[in-house]
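Novice:
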Amino acid sequence: MTDAEIAPTTAPGVVPAAPAALAGGLLVPAQGSGPEDTRRHNLSTILTAVHHRPGVTRAELTRLTGLNRSTVLKVVAELVEGALVHEVSPSEHAGRGRPSSHVYPARDVAALAVYPDLDAVTVGVIGLGGALLGRLRRPTEGRARPEQIVSLVSQLASDVIAQLPEPVVIVGVGCAVPGLVRAADGVVVDAPHMDWHDVPFGAMLSDALGLPVQVRNDARIATVAEAVFGAGRGVADLVYLNGSYSGIGGGAITGGVTLRGRDGYGGEFGHTRVDGGRERCHCGRTGCLETEVNLRRLLAALGRDDVDLSELDDELDAARGRPGVEQEIDRQIGILAGAIGDLASVFNPSMVVLGGALGSLWSAAPDRLAAAVAADSFAPMSGDLTIVRAELGSRVHLVGAAEIFMLAYLRDPAQLAERVARLRQEA
Numbered sequence: 001m002t003d004a005e006i007a008p009t010t011a012p013g014v015v016p017a018a019p020a021a022l023a024g025g026l027l028v029p030a031q032g033s034g035p036e037d038t039r040r041h042n043l044s045t046i047l048t049a050v051h052h053r054p055g056v057t058r059a060e061l062t063r064l065t066g067l068n069r070s071t072v073l074k075v076v077a078e079l080v081e082g083a084l085v086h087e088v089s090p091s092e093h094a095g096r097g098r099p100s101s102h103v104y105p106a107r108d109v110a111a112l113a114v115y116p117d118l119d120a121v122t123v124g125v126i127g128l129g130g131a132l133l134g135r136l137r138r139p140t141e142g143r144a145r146p147e148q149i150v151s152l153v154s155q156l157a158s159d160v161i162a163q164l165p166e167p168v169v170i171v172g173v174g175c176a177v178p179g180l181v182r183a184a185d186g187v188v189v190d191a192p193h194m195d196w197h198d199v200p201f202g203a204m205l206s207d208a209l210g211l212p213v214q215v216r217n218d219a220r221i222a223t224v225a226e227a228v229f230g231a232g233r234g235v236a237d238l239v240y241l242n243g244s245y246s247g248i249g250g251g252a253i254t255g256g257v258t259l260r261g262r263d264g265y266g267g268e269f270g271h272t273r274v275d276g277g278r279e280r281c282h283c284g285r286t287g288c289l290e291t292e293v294n295l296r297r298l299l300a301a302l303g304r305d306d307v308d309l310s311e312l313d314d315e316l317d318a319a320r321g322r323p324g325v326e327q328e329i330d331r332q333i334g335i336l337a338g339a340i341g342d343l344a345s346v347f348n349p350s351m352v353v354l355g356g357a358l359g360s361l362w363s364a365a366p367d368r369l370a371a372a373v374a375a376d377s378f379a380p381m382s383g384d385l386t387i388v389r390a391e392l393g394s395r396v397h398l399v400g401a402a403e404i405f406m407l408a409y410l411r412d413p414a415q416l417a418e419r420v421a422r423l424r425q426e427a
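When the letters of the sequence shown are read in order and numbered with UniProt numbering, they come out as residues 1 to 427.
(1) If you compare alpha carbons, which of His102, Leu84, Ala83, Val80 is closest to Pro90?
(2) I need the boundaries of the alpha helix (DSSP H) containing Ser310, first residue and last residue.
(3) Indicate the three-state DSSP secondary structure (helix, strand or coil) for Val293 in the structure shown.
(4) Throw me the rounded Cβ distance for the Ala227 and Asn242 pair, which I believe falls under 8 Å.
(5) Would the beta-carbon of Thr258 fall within 8 Å of that of Val224?
(6) Is it a yes or a no for the segment 246 to 257 touching the segment 311 to 321, going by three-plus beta-carbon pairs under 8 Å?
(7) Taking the Cβ atom as the reference point for each residue, do Ile404 and Arg216 lie within a distance shorter than 8 Å?
(8) Quick one: measure Cβ to Cβ for Ile46 and Leu79, integer angstroms, because I've assumed they're closer than 8 Å.
(9) Pick helix, strand or coil for Pro413, following the three-state DSSP scheme.
(10) On the CB-based measure, 16 or more other CB atoms within 10 Å of its CB, does Thr286 come out buried or exposed?
(11) Go through its chain and collect everything with a Cβ distance to Ile161's Cβ below 6 Å, but skip five positions before and after it.
(12) For Val388 versus Ala231, is the C-beta spacing smaller than 8 Å?
(13) To the nearest angstrom, how far is the alpha carbon of Ala417 from that of Ile329?
(14) Since His197 and Leu128 should fall inside the 8 Å C-beta cutoff, what is the C-beta to C-beta distance between them, to a whole number of angstroms?
(15) Select from Met204, Arg135, Pro116 the residue whose C-alpha is nearest the C-alpha of Ala191.
(16) Can we say the segment 136 to 145 touches the segment 169 to 179, given the rule of at least three CB pairs closer than 8 Å?
(17) Thinking C-beta only, is Leu398 closer than 8 Å to Leu132?
(18) Who pairs with Asp190 in a beta bridge, going by DSSP?
(19) Please list the terminal residues of the continuous alpha helix (DSSP H) segment that includes Ala339.
(20) By alpha-carbon positions, which one of Glu268, Glu166, Ala208, Leu410 ends up nearest to residue 447?
(21) Pop quiz: Leu361 and Ile333 are said to be a contact at Cβ under 8 Å. What is the actual Cβ separation, rounded to whole angstroms?
(22) Considering only residues of the same chain and omitting the five flanking positions on each side of Ala385, which have a CB-CB separation below 6 Å?
(23) Are the CB atoms of Gly355 and Tyr240 nearer to each other than 8 Å?
(24) In this structure, does DSSP put Gly24 in helix, strand or coil?
(25) CB-CB under 6 Å to Cys281, same chain, minus the five flanking residues each way: which ones, in chain order?
(26) My assumption, with CB atoms under 8 Å, is that residue 432 sits in contact with Ala390. Please give the rounded CB distance.
(27) Out of Gly82, Leu156, Ser44, Asn68, which one is the CA nearest neighbour of Arg424?
(28) What is the DSSP secondary structure of Asn42, counted as helix, strand or coil?
(29) Any heavy atom of the ligand NAP closer than 7 Å to the CB of Leu369?
(30) Does DSSP classify Pro139 as helix, strand or coil?
(31) Where does the unbroken beta strand (DSSP E) through Thr286 begin, and where does it stop?
(32) Within its chain, find whatever has a CB closer than 8 Å to the CB of Met351; leave out the 5 residues flanking it on each side and keep chain order.
(33) When DSSP builds the beta bridges, which residues end up paired with Ile248?
(34) May I ask which residues mark the beginning and end of the alpha helix (DSSP H) holding Arg262?
(35) What distance in whole Å lies between the Cβ atoms of Ala106 and His86, which are believed to be in contact at a cut-off of 8 Å?
(36) Return the CA-CA distance between Val150 and Val72, expressed in angstroms with no decimal places.
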């Protein structure tokens, strides 16, 4: 999986690598013609495969990457020497031939992941392989100013690292923000629910933490996470939609490449118009998808002011059969189905992944949603479409934020090994 502009602009010594393509569910950078290009390509291919499939065997690496066995053996040995992976010999081997070692990413190479939302800030440590090593969440009162969030992130980062059972090497920071983020410099151009406008949040975090930082829109980050580690693993064409207190966000993977747009704003599906919508949206338009399909309307039907998203399934299940609730579920499903049908016509995805409140809406009536999509779609475009619920739950933004940062280093593992070695010496 690739985001073509992903190289951290603030990371010393990290340069953009060539665009990559999805092959067998793996990030495979374009290969140059020289020996060093080939070496970097092979290192990137193997490390990415191990990162996305911890415990993969050398035999499986040969099959997945198309590299021959001797090349895989040589590349794995170089990655072991660079302390980016380690091998574990199988304790049992029932098949024929020599047993193949299992390859795991280094346990102590990690990125900080930051998610400032409307009511809380979450900071996590995500190791290679997408493992959540630690997480702390701190509620905020009202709309916190960017400098308040940066101060809180600094405190939480120190605390969560101190609480880890084993020391780690933090190579950088990935951050998910619910708003428009300019990918080139990490400026939050507009986060209306947080009342942030033209905030240089990436630079602020980098200055406070002393680390390179990548900032992206939270929905685009979640799209990458679900495509690499979640429900869409190995799917080259998918659309992701997420519902939260801040509205509906989304993203798309087309041919294995993340939809980005000129400034990194691509995928604002919550601001597409829907039939019958009359409410004015904060974006200035009337009848946006997120004004008609949203958590606020569901909570009003439930008679609740607030609910933890992890408990929304139970709330909807407990209210099953109540006319007002069922009517609202049906109304939102009908509108959501039309939006999915439109997205199917635009992107022709194999899969639509629904997260957050939209996942709960799907869970309340999966058959109704599937039938509504089929009835409100251009059949050749949606006939084989699969609609599934997101798998990563509350981890999605942390895992995705770390992945967005690590992609540049996955393209050039030699630079990652050099940085890790230097940080270990300084520790």
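Glycine included, C-beta positions come from ideal geometry on N, C-alpha and C.
Specialist: Taking the structure as given:
(1) For the purposes of this step, residue 90 is taken as the residue at position 90 of the sequence shown. Among His102, Leu84, Ala83, Val80, the Cα nearest to that of Pro90 is on His102.
(2) Residue mapping note: residue 310 aligns to position 310 of the sequence shown, counting from 1. Note, Ser310: premise wrong, no alpha helix (DSSP H); not H, not E.
(3) The count along the sequence shown starts at 1 and reaches residue 293 at position 293. If DSSP states are grouped into helix, strand and coil, Val293 belongs with coil.
(4) For the purposes of this step, residue 227 is identified with residue 227 of the sequence shown, where counting begins at 1. For the purposes of this step, residue 242 is identified with residue 242 of the sequence shown, where counting begins at 1. About 13 Å separates the two Cβ atoms, so there is no contact after all.
(5) For this step, residue 258 is matched to residue 258 along the sequence shown. For this step, residue 224 is matched to residue 224 along the sequence shown. Cβ atoms of Thr258 and Val224: closer than 8 Å.
(6) no
(7) Position 404 of the sequence shown, counted from the start, is the residue given in the question as residue 404. Position 216 of the sequence shown, counted from the start, is the residue given in the question as residue 216. Yes, Cβ-Cβ distance for Ile404 and Arg216 is below 8 Å.
(8) Within the sequence shown, residue 46 is the residue found at index 46, counting from 1. Within the sequence shown, residue 79 is the residue found at index 79, counting from 1. The pair is a contact, with the Cβ atoms about 6 Å apart (cut-off 8 Å).
(9) Translated into the one-based positions of the sequence shown, residue 413 becomes position 413. Correct three-state label for Pro413: helix.
(10) Walking along the sequence shown from the start, residue 286 turns up at place 286. When all chains shown are included, Thr286 counts as exposed.
(11) Working through the sequence shown from its first residue, we reach residue 161 at position 161. Around Ile161: no qualifying Cβ.
(12) Residue numbering aside, residue 388 sits at position 388 when the sequence shown is read from its first letter. Residue numbering aside, residue 231 sits at position 231 when the sequence shown is read from its first letter. Cβ distance < 8 Å, so Val388 and Ala231 count as in contact.
(13) Translated into positions along the sequence shown, residue 417 becomes position 417. Translated into positions along the sequence shown, residue 329 becomes position 329. Ala417 and Ile329: Cα-Cα distance of roughly 51 Å.
(14) Residue numbering aside, residue 197 sits at position 197 when the sequence shown is read from its first letter. Residue numbering aside, residue 128 sits at position 128 when the sequence shown is read from its first letter. In fact, because the Cβ distance is near 36 Å, the residues do not count as touching under 8 Å.
(15) Reading the sequence shown from its first residue, position 191 is the one you call residue 191. The residue with the shortest Cα to Cα distance from Ala191 is Pro116.
(16) no
(17) As a working mapping, residue 132 is identified with position 132 in the sequence shown. As a working mapping, residue 398 is identified with position 398 in the sequence shown. Yes, the pair counts as a contact, with Cβ atoms nearer than the cut-off.
(18) The residue you call residue 190 lines up with position 190 of the sequence shown. The partner list for Asp190 (beta bridge, DSSP) reads Leu180, His197.
(19) Counted from its first residue, the sequence shown places residue 339 at position 339. Where Ala339 is concerned, the enclosing alpha helix (DSSP H) stretches over 323 to 347.
(20) Given a span of 1 to 427 for the chain in the structure shown, any question on residue 447 remains unanswerable.
(21) Within the sequence shown, the letter at position 361 stands for residue 361. Within the sequence shown, the letter at position 333 stands for residue 333. The pair is a contact, with the Cβ atoms about 7 Å apart (cut-off 8 Å).
(22) The count along the sequence shown starts at 1 and reaches residue 385 at position 385. Reading the sequence as shown, one finds Leu at residue 385 and not Ala. If we look at Leu385 and ignore the five residues flanking it on each side, its Cβ neighbours are Ala344.
(23) What you label residue 355 is simply residue 355 of the sequence shown in a count that begins at 1. What you label residue 240 is simply residue 240 of the sequence shown in a count that begins at 1. Yes.
(24) Along the sequence shown, read from residue 1 onward, the residue named residue 24 stands at position 24. At Gly24 the pLDDT is 33, less than 50, meaning the model places this residue with poor confidence and gives no usable figure here.
(25) Locating residue 281 in the sequence shown gives position 281, counting from the first residue. Once the five neighbours on either side are set aside, the close Cβ partners of Cys281 are Cys288, Thr291.
(26) Residue 432 cannot be examined here, being either before or after the span of the chain that is shown, 1 to 427.
(27) The sequence position of residue 424 within the sequence shown is 424, counting from 1. Minimum Cα distance to Arg424 is reached at Gly82.
(28) Here residue 42 refers to the residue found at position 42 of the sequence shown. Note: Asn42 maps to helix in three-state DSSP.
(29) Because no ligand of any kind appears in the structure shown, any question about the ligand NAP cannot be addressed here.
(30) For the purposes of this step, residue 139 is taken as the residue at position 139 of the sequence shown. Reduced to three states, the DSSP call for Pro139 is strand.
(31) On the sequence shown, position 286 is the one that residue 286 refers to. First-last for Thr286: undefined, no H or E at that position.
(32) Stepping through the sequence shown from its first residue, residue 351 is reached at position 351. Hits under 8 Å: Ala231, Gly232, Val235, Asp237, Leu238, Val239, Leu385, Thr386, Ile387, Val388.
(33) Looking up residue 248 in the sequence shown gives position 248. Gly243, per the DSSP bridge assignment.
(34) Locating residue 262 in the sequence shown gives position 262, where the first residue counts as 1. Counting along the chain, Arg262 falls outside any alpha helix (DSSP H), and DSSP gives it neither H nor E.
(35) Numbered from its first residue, the sequence shown carries residue 86 at position 86. Numbered from its first residue, the sequence shown carries residue 106 at position 106. Contact flag correct, Cβ pair sits at about 7 Å.
(36) Taking the first residue of the sequence shown as 1, we reach residue 150 at position 150. Taking the first residue of the sequence shown as 1, we reach residue 72 at position 72. Spanning the two alpha carbons is a distance of roughly 43 Å.
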